[in-house]
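Taking it in order: structure first as structure tokens, then the write-up.
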Ligand code: FPP
Ligand code: MG
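Numbering (my numbering), first residue to last: 1390 to 1714.
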């Protein structure tokens, strides 16, 4: 199976139209806005969020001509959040290219993010549907809260699994869930249907971030398009490390915490901790957990009769686990 969601051939027609629509936002008179936007948005994105919105609309029998245009809302918000995230993380690489903050500086990257959020909201308003708008603004609020919660727990080696799950649910799963819920809302689907799609997206989103955090310990920069081991370098204690720490003696845990929080760990120290995580069973445990979230997601689709679109959503969910980047 291809490792990149955007190369799943059965979705090629959707991706082509989504990518055409994404181009249309750059009607800014300011050349730098266009330049940064093209760099950040066009090229290597997975397009998971617009695709899952389009499939959710199809599942709810929505036939509006604006479906692809509306789908871009979720990619614009996602890209804006990555522009901001890269500033927060002081990141150098994103999607196999220098990140926008590296090329144009933090100020321009933050402002480009603001531009994309504004464009996303302008497109959402055109739908003329208040619950649709409300769902989107709820998602951006929760994403920001999740990101601030994560910031507040930088270098927190005592962070619990529960708190970590709350962070990833807000910062990542919420937007994917919202893309699915909005497909139901724009289709005027019954509330039970909307709720099932909301839960489907939430489970898919959690699985997605679990794998994202895992790949940071198991992959390579060549495959991932961003450096590995970067979560810990950014002071983020994610599930692979949380699980590994539970298996260490208290003194060893304290020694590592002191080294990574209070001293300057070397590249060898980072390599050692990556090896430790790989060797303590956390990888298999998290893969199994992510698989369970995907199974829960698929169960949420039981309410829908069998169809080609339902099958597509099942394939897409499973791909979240199998992806290599
Ligand atoms: C990447 O996670 C970041 C996110 C999923 C969310 C970022 C959210 C914000 C900055 C706040 C909301 C902003 C807007 C514009 C609504 P990661 O750091 O775990 O992944 P990475 O390894 O790819 O950087
Ligand atoms: Mg980041």
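Glycine included, each C-beta is placed from N, C-alpha and C at the ideal position.
Out of the options, point me to the one whose CA is closest to residue i's CA.
{"i": "residue 1561", "options": "1591, 1586, 1552", "result": "1591"}
{"i": "residue 1593", "options": "1702, 1412, 1404", "result": "1702"}
{"i": "residue 1689", "options": "1451, 1534, 1583, 1401", "result": "1583"}
{"i": "residue 1507", "options": "1526, 1563, 1672", "result": "1526"}
{"i": "residue 1492", "options": "1676, 1510, 1447, 1429", "result": "1429"}
{"i": "residue 1404", "options": "1416, 1444, 1642, 1687", "result": "1444"}
{"i": "residue 1565", "options": "1552, 1529, 1577, 1539", "result": "1529"}
{"i": "residue 1668", "options": "1505, 1551, 1646, 1632", "result": "1632"}
{"i": "residue 1678", "options": "1692, 1710, 1698, 1635", "result": "1710"}
{"i": "residue 1551", "options": "1621, 1568, 1485, 1626", "result": "1626"}
{"i": "residue 1665", "options": "1640, 1630, 1684", "result": "1630"}
{"i": "residue 1693", "options": "1579, 1423, 1549, 1547", "result": "1579"}
{"i": "residue 1467", "options": "1401, 1395, 1456, 1563", "result": "1563"}
{"i": "residue 1441", "options": "1549, 1618, 1459, 1431", "result": "1459"}
{"i": "residue 1532", "options": "1681, 1469, 1656", "result": "1469"}
{"i": "residue 1672", "options": "1456, 1696, 1601, 1610", "result": "1601"}
{"i": "residue 1681", "options": "1589, 1618, 1695, 1611", "result": "1589"}
{"i": "residue 1501", "options": "1477, 1423, 1611, 1454", "result": "1423"}
{"i": "residue 1616", "options": "1639, 1581, 1656, 1652", "result": "1656"}
{"i": "residue 1614", "options": "1457, 1454, 1406, 1486", "result": "1486"}
Assign residue i to one of two classes, buried (16 or more other C-beta atoms within 10 Å of its C-beta) or exposed (fewer than that).
{"i": "residue 1708", "result": "buried"}
{"i": "residue 1514", "result": "exposed"}
{"i": "residue 1450", "result": "exposed"}
{"i": "residue 1390", "result": "With a pLDDT of 36 at residue 1390, under the threshold of 50, the predicted position of this residue should be treated as unreliable, though the coordinate-derived value follows. Exposed: under 16 other Cβ atoms inside 10 Å."}
{"i": "residue 1675", "result": "buried"}
{"i": "residue 1660", "result": "exposed"}
{"i": "residue 1540", "result": "exposed"}
{"i": "residue 1524", "result": "buried"}
{"i": "residue 1700", "result": "exposed"}
{"i": "residue 1635", "result": "exposed"}
{"i": "residue 1473", "result": "buried"}
{"i": "residue 1447", "result": "buried"}
{"i": "residue 1505", "result": "buried"}
{"i": "residue 1641", "result": "exposed"}
{"i": "residue 1421", "result": "exposed"}
{"i": "residue 1549", "result": "exposed"}
{"i": "residue 1452", "result": "exposed"}
{"i": "residue 1704", "result": "exposed"}
{"i": "residue 1417", "result": "exposed"}
{"i": "residue 1398", "result": "exposed"}
{"i": "residue 1488", "result": "buried"}
{"i": "residue 1696", "result": "exposed"}
{"i": "residue 1639", "result": "exposed"}
{"i": "residue 1547", "result": "exposed"}
{"i": "residue 1535", "result": "buried"}
{"i": "residue 1431", "result": "exposed"}
Assuming the contact rule is C-beta atoms closer than 8 angstroms, residue i and residue j should be a hit. Round their C-beta distance to whole Å, please.
{"i": "residue 1537", "j": "residue 1461", "result": "With 8 angstroms as the limit, residue 1537 and residue 1461 do not qualify as a contact, their Cβ atoms being about 26 angstroms apart."}
{"i": "residue 1434", "j": "residue 1464", "result": "7 angstroms"}
{"i": "residue 1599", "j": "residue 1628", "result": "6 angstroms"}
{"i": "residue 1393", "j": "residue 1714", "result": "6 angstroms"}
{"i": "residue 1662", "j": "residue 1621", "result": "7 angstroms"}
{"i": "residue 1596", "j": "residue 1683", "result": "5 angstroms"}
{"i": "residue 1509", "j": "residue 1475", "result": "Going by Cβ atoms, the distance from residue 1509 to residue 1475 rounds to 18 angstroms, so no, they are not a contact pair."}
Residue ranges of each alpha helix (DSSP H) within the segment 1563 to 1642, 4 or longer: 1563 to 1575, 1580 to 1607, 1610 to 1613, 1619 to 1622, 1628 to 1634
Sufficient close CB pairs (3 or more, under 8 angstroms) joining the segment 1472 to 1492 to the segment 1596 to 1606: no
At least 3 beta-carbon pairs within less than 8 angstroms: the segment 1547 to 1558 vs the segment 1513 to 1529: no
Segment contact flag, the segment 1436 to 1446 with the segment 1394 to 1412, C-beta cutoff 8 angstroms, min 3 pairs: yes
Unbroken stretches of the alpha helix (DSSP H), 4 residues or longer, contained in the segment 1644 to 1678: 1656 to 1668
Meets three-Cβ-pair contact criterion under 8 angstroms: the segment 1648 to 1657 and the segment 1574 to 1581: no
At least 3 beta-carbon pairs within less than 8 angstroms: the segment 1489 to 1503 vs the segment 1541 to 1549: no
In chain order, each alpha helix (DSSP H) run of at least 4 residues that lies wholly inside the segment 1430 to 1494: 1437 to 1448, 1456 to 1478, 1489 to 1493
Ranges of the alpha helix (DSSP H) found wholly within the segment 1510 to 1544, counting only runs of at least 4: 1519 to 1541
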